[in-house]
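Chemist:
Protein chains in written order, with the numbering used here: chain A, 112 to 806; chain B, 273 to 569.
#1: Helix or strand or just coil, what does DSSP make of residue 504 of chain B?
#2: Once you ignore the five residues that flank residue 569 of chain B on each side, which residues in its own chain have a CB closer than 8 Å to its CB?
#3: What residue range is occupied by the uninterrupted beta strand (DSSP E) comprising residue 292 of chain A?
#4: Touch check for the region 448 to 459 of chain A and the region 397 to 411 of chain A: three-plus C-beta pairs under 8 Å?
#5: Would you tell me roughly how many angstroms separate the C-alpha atoms of residue 211 of chain A and residue 318 of chain A, rounded to the nearest one?
#6: Taking only beta-carbon positions, decide if residue 361 of chain B is within less than 8 Å of chain A.
#7: At 4 residues or longer, what runs of the alpha helix (DSSP H) sit wholly inside the region 576 to 631 of chain A?
#8: Candidates A:522, A:247, A:322: which alpha carbon is nearest residue 305 of chain A's?
#9: For chain A, find out if any of its Cβ atoms is closer than 8 Å to the Cβ of residue 406 of chain B; answer yes or no.
#10: Residue 450 of chain A lies in the alpha helix (DSSP H); which residues open and close that run?
#11: Would DSSP call residue 698 of chain A helix, strand or coil?
#12: Taking the alpha helix (DSSP H) that residue 181 of chain A falls in, what are its first and last residues?
#13: Tell me residue 114 of chain A's beta-bridge partners as DSSP assigns them.
#14: I'd like to know whether the C-beta atoms of residue 667 of chain A and residue 746 of chain A end up nearer to each other than 8 Å.
#15: When you compare each of B:539, B:453, B:551 to residue 390 of chain B by their alpha carbons, which one comes out closest?
#16: For chain A, find out if any of its Cβ atoms is closer than 8 Å to the Cβ of residue 551 of chain B; answer yes or no.
#17: Given that residue 523 of chain B touches chain A, what residues does it touch there, using C-beta distances under 7 Å?
#18: What is the C-beta distance between residue 432 of chain B and residue 348 of chain B, in whole angstroms, given that I count them as a contact (C-beta under 8 Å)?
#19: I need the straight-line Cα distance from residue 326 of chain A to residue 320 of chain A, nearest angstrom please.
#20: CB-CB under 8 Å to residue 353 of chain A, same chain, minus the five flanking residues each way: which ones, in chain order?
#21: Indicate whether at least one CB of chain A lies closer than 8 Å to the CB of residue 376 of chain B.
#22: Check the Cβ of residue 355 of chain B against every Cβ in chain A and list those closer than 7 Å, keeping chain order.
#23: Between which residues of its own chain and residue 89 of chain A is the CB-CB distance below 8 Å, once the five residues before and five after are set aside?
#24: What's the gap between the Cα of residue 570 of chain B and the Cα of residue 560 of chain B?
#25: Excluding the 5 residues flanking residue 127 of chain A on each side, which residues of the same chain have their C-beta closer than 6 Å to its C-beta?
#26: Compute the distance between the beta-carbons of residue 344 of chain B and residue 465 of chain B, then report whether it is under 8 Å.
#27: From which residue to which residue does the alpha helix (DSSP H) around residue 481 of chain B run?
#28: Straight-line CA distance for residue 509 of chain B to residue 384 of chain B?
#29: Below 8 Å, can you find three or more Cβ-Cβ pairs linking the region 232 to 243 of chain A to the region 403 to 412 of chain B?
#30: Excluding the 5 residues preceding and the 5 following residue 567 of chain B in the sequence, name in chain order all residues of the same chain whose CB lies nearer than 7 Å to its CB.
#31: Among A:173, A:343, A:159, which has the Cα closest to the Cα of residue 119 of chain A?
#32: Could you tell me whether the Cβ of residue 386 of chain B comes closer than 8 Å to any Cβ of chain A?
#33: Verify the CB distance criterion: does residue 591 of chain A have a CB-CB separation below 8 Å to chain B?
#34: Suppose contacts are defined by Cβ-Cβ distances below 8 Å. Is residue 232 of chain B in contact with residue 324 of chain B by that definition?
#35: Please report the distance separating the alpha-carbon of residue 521 of chain B from that of residue 515 of chain A.
#36: Reducing DSSP to helix, strand and coil, say where residue 398 of chain A ends up.
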């Protein structure tokens, strides 16, 4: 079969860099789907993209669709032929509809009845006829942000400038929003101009002559290569951050890497700020020496060749120096203000209308953090550090640096606190109290930082919930979900023997002493526990723990979060462990009957058979050891102790009727079962678990 | 090239493209966009091509005249073309060449920047134009103004005059720029820069400003009810500037900010709607004019 080579190119005003890679993937998939749908074979499909163009190159595209032979079924024989054996109207109508004649009819039996059939031949359509419909593929691309322009109605990523459609040497004609397709493309905006594409096969080569590297991959490789050469030459270490690399690749059509220098004076500014300026604001790669220290150089990527590269580098230096001069100015200005003066300004900064100012928040956080620290039996010294760090944990919010670089909140606080002579633990806790800043972020290392982080987050969560700001669906403006997860992660990692209920009580008490109007406390507590449990369930999923297991271990309250997770993890293994089946079944049976009990009073004189005595003594023997193990959080051993009860429980059920008519006997037996159930409940409500042991 | 010559060059260039040359609007504002010549006139179906210099006040950027790059008040050269011409990027690049910026000697790039002004319920898509890493121009296709869909779409080009001049004159410090022969930015603007910064950060009467904000808001509403678009809009501009003064002084918190911005936005939305209604009552006169001029041809 004869083939041809095809090229489509859509020229656009500069597309947003971050959308280009996803658009390439989309264009590839949609082109493949289009080719399959149109039954057009091809050898190779290439996608190209630069800020100003998207292109599809189809190599060895079949010139036409394959012909198809098909069979169509018509009316039954007795309907197709009249009594005299002539073709009826029905038969004639059918063949006409199929584009054949009665001559073509043959009969074929279906379930014993003959039906009219014809062979249909569908001639494949030529590629020439199909190719103009590729326009639909271009129009079907979807972008995260679309725009309109001029008086056009189309919404697209950016205004369309030109269209190329070529089937070998001939133009594929189509039109979008007044732009007609042709052979004319445009090269680099400044280094080249309009040019005619000679052959779809030569697209890359032709464009390169026009100072455009059409392939994203090749541009990226080129940038990496040039950076490496510079780095080797100067013995620099350059972090070729993938996101930044991707962005600069999609900001240029013809990359040339250059380096510039900034004043060494700026190196006293914390490097986080320098790096933010370079990476986020200017899209430069920061440069480090072999010892890891930041050097006063940067690497940039120009859209063009190496002509006048010095001018470009000099211009970029000027911009960066101005930015860093600003940063240095802020850094020095900030240090002239005392922490106390900054804290004072927080009294004018509203945190949330009903929850007061940031100063009010800091005040509450300090009380909460100190109360938690006392519960955790912090030393006097640590207690003092906690109080101090909490008191000044937000002071940097009014500094110039944080105002300018919002992502540096806490980081600047730590540095300024250290410069102001605060204790190391205090300085560190200021930064740590924001952790974890996102789902995968690190957690506070120090206990002081952890306590303040928990206090700050719970203050926000409980405050917001109490004034009715509960997240719904995708609406979570105060990021309460993320903060609740932060609290859970910290409590889990610190492994403190402090239950969440006590911590929440502390927070609520602090709120009660504040001027904030709270709704009914018990309602808030219920909403809060539900909210936290939902976050635990969410986090548990990542550890392959199912929802029913979390429900089972928190049925009597969440308690110590780390314990709940540990028990859940252990039971999750037992869920499918056949050797645990007898124990599980025995305990579930106990629990289910115990639900009918009114108490746990046991009167041994009412025991009637040996199995009751045996179970009671087994319970007595186990109880103390079990409780010690539970307190020591040695859960696997505690579980083994429960398992010891299994034979006694089974013997009891075999020999003893619980639900007897004699009320006293019944109550006594239920009391015994309930006493055992209470033990089990300390671990989990086994009846809430969907056990899956198999033999 | 002196600042003054730059302005003359840009005026000539855009005048040649059919833009009406306007003067700066006489009410304080944070950006050229807020002039009614942009914000209101970009609305509705009437064609509109205009260029003007706009002194723009950003109280939070005041630095007592100490900072080489930041100003309480800088100048913008503003161009609006509605509907946006197909070759607008080329027209813009040609203006840079007229300012003596040879694109082959520099790195000029269009970097995505989706402009949004929540206080005005306005949003657009476009770029910031980088000249060797320096943002010299905002280039925006308006999509929404005052909460209304922009159709046809106006394109807005905003040159930062001082930024561009610092490049063209190769000066590190904005105050060293020459406005015209023998006159520097320092000569003209140092004192007002210092005084406005001192006023903004130290001397302004916060209570007075809060009251003024409320009063301006009331007046805007009152005038709007009478169907007077332009006077009402002036009071919105005053609200916006008063808010900026309060914000710069740091007396409005992040959460409160949202509340104030919402109040200004509600006014801007109402006025945008009113403007289109009033123009419609007048039968969109600029639209007719265009049709008529075509008829003459």
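Just so you know, even glycine gets a beta-carbon here, dropped at the ideal spot from N, CA and C.
These numbers come from a predicted model, not from an experiment.
Modeler: The short version:
#1: helix
#2: Any reading at residue 569 of chain B must be qualified, since the residue scores a pLDDT of 42, below 50, and its modelled position is unreliable; the value itself is stated next. If we look at residue 569 of chain B and ignore the five residues flanking it on each side, it has no Cβ neighbours.
#3: 290 to 293
#4: no
#5: 51 Å
#6: yes
#7: 591 to 605, 611 to 623
#8: A:322
#9: yes
#10: 450 to 456
#11: helix
#12: First-last for residue 181 of chain A: 179 to 187, but that is the beta strand (DSSP E), not the alpha helix (DSSP H).
#13: A:173
#14: no
#15: B:539
#16: no
#17: 459
#18: 6 Å
#19: 14 Å
#20: none
#21: yes
#22: 261, 262
#23: A question about residue 89 of chain A goes unanswered here, because the residues of chain A that appear run from 112 up to 806.
#24: Here chain B covers residues 273 to 569 and nothing more, so residue 570 of chain B does not appear.
#25: none
#26: yes
#27: 478 to 497
#28: 28 Å
#29: no
#30: Its pLDDT being 46, under 50, residue 567 of chain B is placed unreliably by the model, and the measurement read from it follows with that caveat. Same-chain partners within the cutoff: there are none.
#31: A:159
#32: yes
#33: no
#34: No answer is possible for residue 232 of chain B: it lies beyond the span of chain B, which begins at 273 and ends at 569.
#35: 15 Å
#36: strand
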